[in-house]
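Just remember that the numbering used here sits 2 ahead of the position in the sequence shown, which is counted from 1.
The beta-carbon is built from N, C-alpha and C at its ideal position, and this holds for glycine as well.
From a predicted model like this one, the values you see are computed outputs, not experimental measurements.
Read through the structure below, which is laid out as structure tokens, and then see the notes.
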Amino acid sequence: MAQGWTIDPGADLINFYEAPPTGTNNIVVTQYAAGAVGGTDVWAVGAWSYRYGYPGEVEFFGDRLWFAGSPGDPQTVWASNIGDYPNFGRSSPIVDSDAVSFTINARQVNAIRDLVPLDSLLVLTTGGEWKVTGGQDAVVTPSTIGIKPQSAYGTGDLQARVLGESAVFLQAQGQRVRDLAYQFEKDGFRGNEISIWADHLVQGYTFRGIEYSTAPWPILWMPRTDGVLIGCTYMPEQEVTGWHPHETDGEVLDVCCLPGEIETEVYLLVRRFINGQWVQYVEQMAPTRYDDPLDWKYADSLLTYDGRRPNGSPMTLTSTDGWNEGAAITATTGAAIFTGAGDVGNILRLAIGDEHVRVRVMAYVSPTVATVESIGSVPLALRGVAVQDWTYQRSTIAGMGHLEGKTVVALVDGNVQKDLQVVDGKVQLQRPGGVVHIGLPYTAHIETLEVNANGGDPLRPMKKLAFEVALLVRNTRGVYVGTTLDTLDPIAQRDFEGYDEPTAPYTGVLRKNMSCQWGVDSGHFHIISDDPLPMEILSLMPQVVASE
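In structure tokens, the structure reads:
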């Protein structure tokens, strides 16, 4: 295909060539004299080429394939025939299904940066937002196509995202986030700056990308240029726009969201400093809710060891030395699980119903057999029978080389172990565990605004005392509250759990008295969770007194 052309005014020749013009194998087309046989004056230079560039935007809308914004025609849009995407030709006479093209004629030349399919096709340029209009039923045809301005904010290089009935995009400078949605009373699109609610999170920064997840909550994800991941819970139908920063031990470079079975799968490209060098990992956000507390995953760059019947075979305990504590017992399973002397000191936990026992590995016999000693007497129900519910609890977890040299946190059988070190790719636990999640710790921190009252005198200039708070929570554990970060107190939750059982998550109202003092700026408080545990707060109800 020809990539360039020149006209020689001194000869009846038009030369088409592959760049550069002096290249070989040029195609020479003779321009015939007027009226000559075989000549034609019906010819044109293609809109897209190496010389004039190619469109930067593409979209499907109205059963047409749309292109827009080439370097040579930055304000032009082209649309294919209806249902015939490779065909950009026109009939004679023109029919409604023919290809369409138009150029935005505005006060300024603003390049098209995006095409957004909503109720109408939106054309986002560097200087404004436009709506493509049509004829009856808003169907776009060659004879009815039109374009109307909607606003004049301009968009940047990042592609807009469609959430429900709204489009969300970053303005040209990359700091402000806006939405656009159809307004019946205007018969057009109107939007707001949604980042105005979190100016402290966007001012002075730009964003590297924008993605969104739809389940369990609609959230916009935007990695900031300093490596902090910014999220925005966006529910315009509920008038909810909630911003939240997510910091990690490293930098978030990019984000990608894909559909999942239950929740949207969110993947991050993260840059971390590991063992003296910078590395990049692709990490997936863990699910937000779990049926079993043993499966909680609330740490960064996390890996899991799951020792629940790891070989898929039952475990049988036999003994010729009795069943009391310290007795020599043989543990046998149907598939390889033991590897050698490294198994000594690890724990096997076997259970049938409410009966359970823990035994310690004392000696390796074979890949399927080990000598163990009982920690406590072995219940009758577990003697000499094939037990399906068993767990291999290890003291050392290997495979953690991706966090070499880091201080990590672990959730071990539902209990927290802090300040662990990764040495030679291994983590030595403080207590053996059967289901272990190890990763980098992070802190969830909520700081409320100063309390105020609807009606009456404003409370902001008054002296206040926030002395108690009630939290309505769901599936929550490990919460600290306080009026300052130096006076945080835990909310005790442990109730009737067994000795070997982790504290159960709580759903309901948690109340806590707080250390406090009088002051104009004392009408707020902090909520902290710095353990790998869930915290879902539905409502905050502080008790505050105020006085002049």
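Beta-bridge partners of residue i, as assigned by DSSP
{"i": "Cys-259", "result": "Val-268"}
{"i": "Ser-153", "result": "Glu-131"}
{"i": "Val-471", "result": "Lys-514, Pro-544"}
{"i": "Asn-83", "result": "Asp-86"}
{"i": "Ile-493", "result": "Bridge partners of Ile-493: none, in fact."}
{"i": "Thr-334", "result": "Thr-318, Val-371"}
{"i": "Gly-190", "result": "Gln-185"}
{"i": "Gln-1", "result": "Limits of the chain in this structure are 3 at one end and 550 at the other, which puts residue 1 out of reach."}
{"i": "Arg-274", "result": "Val-281"}
{"i": "Ile-354", "result": "Glu-357"}
{"i": "Arg-362", "result": "Ile-349, Glu-375"}
{"i": "Lys-465", "result": "Ser-549"}
{"i": "Lys-59", "result": "The sequence given here has Glu at residue 59, not Lys. Partner(s): Ala-70."}
{"i": "Leu-231", "result": "Pro-225, His-248"}
{"i": "Ala-140", "result": "Ala-140 pairs with nothing; no bridge assigned."}
Alpha-carbon spacing of residue i relative to residue j, whole angstroms
{"i": "Gly-347", "j": "Arg-496", "result": "29 Å"}
{"i": "Lys-150", "j": "Glu-452", "result": "44 Å"}
{"i": "Leu-296", "j": "Asn-515", "result": "30 Å"}
{"i": "Trp-199", "j": "Thr-235", "result": "12 Å"}
{"i": "Glu-20", "j": "Tyr-56", "result": "Its pLDDT being 48, under 50, Glu-20 is placed unreliably by the model, and nothing is read from it."}
{"i": "Val-511", "j": "Glu-327", "result": "43 Å"}
{"i": "Gln-388", "j": "Tyr-394", "result": "The question names Gln, yet the displayed sequence has Ala at residue 388. If you take the alpha carbons of Ala-388 and Tyr-394, they lie about 15 Å apart."}
{"i": "Ile-331", "j": "Asp-391", "result": "18 Å"}
{"i": "Phe-69", "j": "Pro-443", "result": "46 Å"}
{"i": "Arg-291", "j": "Ala-506", "result": "14 Å"}
{"i": "Gln-5", "j": "Trp-50", "result": "Note that Gln-5 scores 48 on pLDDT, short of 50, meaning its location in the model is unreliable; the coordinates nonetheless yield the value given after this. Using only the alpha carbons, I get a separation of about 9 Å."}
{"i": "Cys-518", "j": "Val-483", "result": "11 Å"}
{"i": "Met-3", "j": "Leu-405", "result": "Unreliable positioning characterises Met-3 in this predicted model, as indicated by a pLDDT of 38, which lies under 50. A coordinate reading is not provided."}
{"i": "Trp-325", "j": "Pro-504", "result": "27 Å"}
{"i": "Glu-538", "j": "Cys-258", "result": "24 Å"}
{"i": "Met-543", "j": "Ser-72", "result": "56 Å"}
{"i": "Gly-441", "j": "Tyr-54", "result": "52 Å"}
{"i": "Leu-467", "j": "Ile-493", "result": "20 Å"}
{"i": "Gly-136", "j": "Arg-192", "result": "19 Å"}
{"i": "Val-367", "j": "Val-411", "result": "33 Å"}
{"i": "Ser-531", "j": "Glu-59", "result": "44 Å"}
Of the residues the options, the one placed nearest residue i, counting alpha carbons only
{"i": "Asn-107", "options": "Pro-76, Pro-119, Asp-121", "result": "Pro-76"}
{"i": "Gly-336", "options": "Asn-313, Lys-188, Tyr-444", "result": "Asn-313"}
{"i": "Ile-147", "options": "Ile-276, Ala-81, Thr-334", "result": "Ala-81"}
{"i": "Tyr-307", "options": "Met-464, Glu-449, Ala-301, Gly-435", "result": "Gly-435"}
{"i": "Asn-194", "options": "Phe-209, Pro-218, Ser-215, Ala-154", "result": "Ala-154"}
{"i": "Trp-132", "options": "Asp-488, Glu-449, Ala-183, Gly-407", "result": "Ala-183"}
{"i": "Leu-117", "options": "Ser-99, Phe-90, Val-170", "result": "Val-170"}
{"i": "Leu-172", "options": "Gln-185, Ile-196, Gly-166", "result": "Ile-196"}
{"i": "Asn-477", "options": "Trp-50, Leu-535, Leu-422, His-439", "result": "Leu-535"}
{"i": "Thr-208", "options": "Pro-218, Leu-405, Lys-188, Val-179", "result": "Val-179"}
{"i": "Ala-343", "options": "Val-363, Leu-350, Val-268, Ala-468", "result": "Val-363"}
{"i": "Arg-92", "options": "Ile-84, Asp-86, Ala-101", "result": "Ala-101"}
{"i": "Arg-2", "options": "Thr-127, Leu-120, Gly-58, Gly-407", "result": "Coverage of the chain is limited to positions 3 through 550, which leaves residue 2 absent and any answer about it impossible."}
{"i": "Leu-67", "options": "Asp-86, Pro-73, Gly-58, Thr-78", "result": "Asp-86"}
{"i": "Phe-104", "options": "Asp-256, Pro-119, Gly-190, Val-79", "result": "Val-79"}
{"i": "Asn-83", "options": "Asp-98, Ser-94, Gly-71", "result": "Asp-98"}
{"i": "Leu-1", "options": "Gly-176, Ser-122, Ile-448", "result": "A query on residue 1 cannot be resolved here, the shown segment of the chain reaching from 3 to 550 and no further."}
{"i": "Ala-174", "options": "Gly-129, Tyr-52, Leu-384", "result": "Gly-129"}
{"i": "Glu-239", "options": "Gly-378, Pro-220, Ile-96", "result": "Pro-220"}
Chain D contact for residue i (CB, 7 Å cutoff)
{"i": "Thr-322", "result": "Absent here is chain D; the protein component of the structure consists of one chain."}
Cβ-Cβ separation, residue j to residue i (assumed contact under 8 Å), whole Å
{"i": "Thr-250", "j": "Asp-302", "result": "5 Å"}
{"i": "Val-437", "j": "Arg-274", "result": "Actually they are not in contact, since the Cβ atoms of Val-437 and Arg-274 sit about 25 Å apart, beyond 8 Å."}
{"i": "Gly-401", "j": "Leu-305", "result": "6 Å"}
{"i": "Gly-229", "j": "Gly-244", "result": "Not really, about 22 Å apart at Cβ, beyond 8 Å."}
{"i": "Ala-217", "j": "Thr-143", "result": "Ala-217 to Thr-143, Cβ: 38 Å. No contact."}
{"i": "Leu-474", "j": "Val-481", "result": "No, Leu-474 and Val-481 are not in contact; Cβ-Cβ is about 12 Å, not under 8 Å."}
{"i": "Gln-152", "j": "Gly-190", "result": "5 Å"}
For a minimum of 4 consecutive residues, which ranges assigned as the alpha helix (DSSP H) are wholly contained in the stretch 382-427? Listed in chain order, nothing qualifies, since the stretch 382-427 has no complete alpha helix (DSSP H) run of 4 or more residues.
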